[in-house]
């Protein structure tokens, strides 16, 4: 899903080709990775996971940049935090006039914020081997560059999130749970994928930034579910495959792009776990899912039914996805349940359309002050063993707990009830999930995105094939 470079070399992505709202936080939207092999020029930031720009200031005095580099030097250290020969050092800089000029220019533009590493094929840093002692003790082997260590890089079958006891949480590319990032779902059992689109929003925009903030907050998550015993990373091969390159200026085209991307994901046999984005995105996702699995059951948590027909003449926006899904036969309507519905309405009978289609609607006031475990037992019977999709709008949760959303409604579900719903899906034939409508700018605490990250982890934990430790 990472937007490909049009030539054999990696290059920053322009806003004309890839939207600025794509969520991998790497320098100037170029490619990312923890291995610098094969690169002539590597950017390494002292504060990984943040965007840097080439116009950083202040500039150093003119005499701060050396006029020449003596031949005995084997490395260029422009990072004031890294000592010569330390963990971040790379031997083998090319001492040519062009290299010196480039170094001077880059040093002046990013003084004190980065180091420049010049690499050539014949002068590259040696790889550090994995020692038998390190492998037997379970400790992390030394890794070049000091970037996050993943067991998957050292022969493990699975991708496992690094522990904060081994790699500091602020360190590394900002992926979901700090998982490895790859550009397709091939070979994966499940994949986190972002859809940073909010063009279909009717009230407060900002869900385009949801995937980025959810990924940032997910660094707090750990590999085991201590409450349920689920060990998803010991059971499934999981990675973050980046974002769909949506067009925020053209909603119909974005829907086509989303559908095409998810056709590739589900076509590879991978279960998508989607970071939204507004709820419009569920419509093209379900188009792709139903193309492979046929009409699916739906566990839908939301403050709204999202079954409107149109607004201002438009039939596609975040209030219509399930109406469009019914129109196209994407849902098995007898196996659809909508939980947490509430709020004022334009219609005296706001649930009529849903119930006429055979949906089960569970209003929020039927959930107040009670456990939802009995409800989910009924839902499991209703869904049977046929394909099920989970769509969770964060506004289903009360805004006291999740204020960072575009269309908040009072008197919603609690986070504990949200967990009961997701955990109650254990045993279902889940073929896809999404978490939508996180708009982080309306919650400076980050708690809405943190809740969203936890709910996505819970969805991963109930996928078919996940073991319990």
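Residue numbers (my numbering): 476 to 944.
Built from N, CA and C at the ideal position, the CB exists for glycine as well.
These numbers were taken from a predicted model, which means no experiment stands behind them.
Open item on the list: Just verifying my parser: in three-state terms, what is the DSSP assignment at residue 917?
Closed with: Taking the chain shown and counting its residues from 1, the one referred to as residue 917 is at position 442. Of the three classes helix, strand and coil, the one that applies to residue 917 here is helix, per DSSP.
TODO: Tell me whether residue 821 is buried or exposed, calling it buried when 16 or more other Cβ atoms sit within 10 Å of its Cβ.
DONE: As a first step, residue 821 must be located in the chain shown, where it is residue number 346. Exposed is the call here.
- [ ] May I ask you to verify whether the region 770-781 touches the region 794-812, counting CB pairs closer than 8 angstroms and requiring at least 3?
- [x] yes
TODO: Determine, using beta carbons only, whether residue 912 and residue 881 come nearer to each other than 7 angstroms.
DONE: Position 437 of the chain shown holds residue 912. Position 406 of the chain shown holds residue 881. Going by C-beta atoms, residue 912 is nearer than 7 angstroms to residue 881.
- [ ] Report yes or no: do three or more beta-carbon pairs, one from the region 890-902 and one from the region 868-876, lie closer than 8 angstroms?
- [x] yes
Open item on the list: Using the Cβ count rule (16 or more neighbours within 10 Å means buried), how would you classify residue 846?
Closed with: Sequence index remark: in the chain shown, residue 846 carries index 371 (1-based). So residue 846 counts as exposed.
Task: Of the listed residues 679, 764, 732 and 753, nearest to residue 744 (C-alpha basis) - done: Locating residue 744 in the chain shown gives position 269, where the first residue counts as 1. With respect to the C-alpha of residue 744, the residue from 679, 764, 732 and 753 having the closest C-alpha is 764.
TODO: Check whether the Cβ atoms of residue 816 and residue 838 sit closer than 7 angstroms, and answer yes or no.
DONE: On the chain shown, residue 816 is found 341 positions in, with the first residue counted as 1. On the chain shown, residue 838 is found 363 positions in, with the first residue counted as 1. Yes.
Open item on the list: Strictly by DSSP, which residues pair up with residue 898?
Closed with: Start at 1 with the first residue of the chain shown, and residue 898 comes out as number 423. Answer by DSSP bridge pairing: none, since residue 898 is not bridged.
Task: alpha helix (DSSP H) runs wholly inside the region 723-801, at least 4 long, in chain order - done: 726-742 and 757-768
TODO: Determine the direct distance from the alpha carbon of residue 686 to that of residue 754, and round the result to whole angstroms.
DONE: For the purposes of this step, residue 754 is identified with residue 279 of the chain shown, where counting begins at 1. For the purposes of this step, residue 686 is identified with residue 211 of the chain shown, where counting begins at 1. For residue 754 and residue 686, the distance between alpha carbons rounds to 13 angstroms.
Task: Reduced DSSP category for residue 633 - H, G, I as helix; E, B as strand; rest coil - done: Residue mapping note: residue 633 aligns to position 158 of the chain shown, counting from 1. Correct three-state label for residue 633: coil.
Open item on the list: Taking the straight line between their C-alpha atoms, what separation do you get for residue 843 and residue 883?
Closed with: Walking along the chain shown from the start, residue 843 turns up at place 368. Walking along the chain shown from the start, residue 883 turns up at place 408. Near 17 angstroms, if we compare the C-alpha coordinates of residue 883 and residue 843.
Open item on the list: I need the straight-line Cα distance from residue 923 to residue 823, nearest angstrom please.
Closed with: In the chain shown, counting from the first residue as 1, residue 923 sits at position 448. In the chain shown, counting from the first residue as 1, residue 823 sits at position 348. Taking the straight line joining both Cα atoms gives about 31 angstroms.
TODO: Out of 659, 782, 927 and 939, state which residue places its alpha-carbon closest to the alpha-carbon of residue 694.
DONE: Along the chain shown, read from residue 1 onward, the residue named residue 694 stands at position 219. Checking every option, the nearest Cα to that of residue 694 belongs to 927.
Open item on the list: Given this structure, state the Cα-to-Cα distance separating residue 876 from residue 778, to the nearest angstrom.
Closed with: Start at 1 with the first residue of the chain shown, and residue 876 comes out as number 401. Start at 1 with the first residue of the chain shown, and residue 778 comes out as number 303. Roughly 14 angstroms between the two C-alpha positions.
TODO: Kindly indicate which residue of 660, 661 and 652 has the alpha-carbon position closest to the one of residue 692.
DONE: By 1-based counting over the chain shown, the position of residue 692 is 217. Among 660, 661 and 652, the Cα nearest to that of residue 692 belongs to 652.
TODO: Tell me, to the nearest whole angstrom, how far the beta carbon of residue 903 is from that of residue 858; I am working on the premise that it is less than 8 angstroms.
DONE: Residue numbering aside, residue 903 sits at position 428 when the chain shown is read from its first letter. Residue numbering aside, residue 858 sits at position 383 when the chain shown is read from its first letter. Contact between residue 903 and residue 858 is confirmed by a C-beta separation of about 5 angstroms, below the 8 angstroms threshold.
TODO: Mind listing, in chain order, the continuous beta strand (DSSP E) runs of no fewer than 3 residues lying wholly within the region 805-862?
DONE: 806-816 and 835-838
Task: Inter-residue Cα distance where the pair is residue 646 and residue 637 - done: The sequence position of residue 646 within the chain shown is 171, counting from 1. The sequence position of residue 637 within the chain shown is 162, counting from 1. Using only the alpha carbons, I get a separation of about 11 angstroms.
Task: CB of residue 874 within 7 angstroms of CB of residue 684, strictly - done: As a first step, residue 874 must be located in the chain shown, where it is residue number 399. As a first step, residue 684 must be located in the chain shown, where it is residue number 209. For residue 874 and residue 684, no; Cβs fall outside 7 angstroms.
TODO: Would you decide whether residue 943 is buried or exposed? Buried here means 16 or more other CB atoms lie within 10 Å of its CB.
DONE: Locating residue 943 in the chain shown gives position 468, counting from the first residue. Burial call: exposed.
Task: CA-to-CA distance, residue 931 to residue 805, given in whole angstroms - done: As a first step, residue 805 must be located in the chain shown, where it is residue number 330. As a first step, residue 931 must be located in the chain shown, where it is residue number 456. Distance between the alpha carbons of residue 805 and residue 931: 23 angstroms.
- [ ] Give the single residue among 677, 766, 757 and 717 whose Cα lies nearest to the Cα of residue 799.
- [x] To locate residue 799, count along the chain shown from 1; it is residue 324. Taking only the C-alpha atoms, the option nearest residue 799 is 757.
Task: Cut-off 6 angstroms between Cβ atoms - residues of its own chain near residue 722, not counting five sequence neighbours on either side - done: Indexing the chain shown from 1 puts residue 722 at position 247. The answer, listed in chain order, is 728 and 729.
Open item on the list: Need the endpoints of the beta strand (DSSP E) that residue 930 sits in, please.
Closed with: Indexing the chain shown from 1 puts residue 930 at position 455. From DSSP, residue 930 is part of no beta strand (DSSP E) but of the alpha helix (DSSP H) over 922-936.
Task: Nearest residue (CA-CA) to residue 493, options 703, 672 and 656 - done: Start at 1 with the first residue of the chain shown, and residue 493 comes out as number 18. The option with the nearest alpha carbon to residue 493 is 672.
Task: residue 665 vs residue 938 beta-carbon contact at 7 angstroms - done: Here residue 665 corresponds to residue number 190 of the chain shown, with the count starting at 1. Here residue 938 corresponds to residue number 463 of the chain shown, with the count starting at 1. Cβ distance < 7 angstroms, so residue 665 and residue 938 count as in contact.
Open item on the list: Do residue 832 and residue 863 count as a contact pair if the criterion is CB distance below 7 angstroms?
Closed with: Residue numbering aside, residue 863 sits at position 388 when the chain shown is read from its first letter. Residue numbering aside, residue 832 sits at position 357 when the chain shown is read from its first letter. Against a cut-off of 7 angstroms, the Cβ pair of residue 832 and residue 863 comes out as no contact.
- [ ] Answer with buried or exposed for residue 787, where buried requires no fewer than 16 other C-beta atoms within 10 angstroms of its C-beta.
- [x] Residue 787 sits at position 312 when you count from the first residue of the chain shown. Result: exposed.
Task: Cβ pair residue 736, residue 713 closer than 7 angstroms - done: To locate residue 736, count along the chain shown from 1; it is residue 261. To locate residue 713, count along the chain shown from 1; it is residue 238. No; because the gap between Cβ atoms is not below 7 angstroms, this pair is not in contact.
TODO: Could you tell me if residue 898 is buried or exposed, where buried requires 16 or more neighbouring beta carbons within 10 angstroms of its beta carbon?
DONE: As a first step, residue 898 is located in the chain shown; it is residue number 423 there, counting from the start. Looking at its Cβ environment, which holds 16 or more other Cβ atoms inside 10 Å, residue 898 is buried.
Open item on the list: I need the DSSP call for residue 702, collapsed to helix, strand or coil.
Closed with: The sequence position of residue 702 within the chain shown is 227, counting from 1. Coil.
TODO: Check each candidate in 925, 814 and 668 and name the one with the smallest Cα separation from residue 840.
DONE: By one-based count along the chain shown, residue 840 stands at place 365. Ranking 925, 814 and 668 by Cα distance to residue 840 puts 814 first.
- [ ] Starting from the Cα of residue 452, find the closest Cα among 851, 921 and 659 and give me that residue.
- [x] Outside the shown range of the chain, which is 476 to 944, sits residue 452, and nothing can be said about it.
Task: Per-residue DSSP class, three states only, for residue 714 - done: Translated into positions along the chain shown, residue 714 becomes position 239. DSSP places residue 714 within a strand segment (E or B) once states are collapsed to three.
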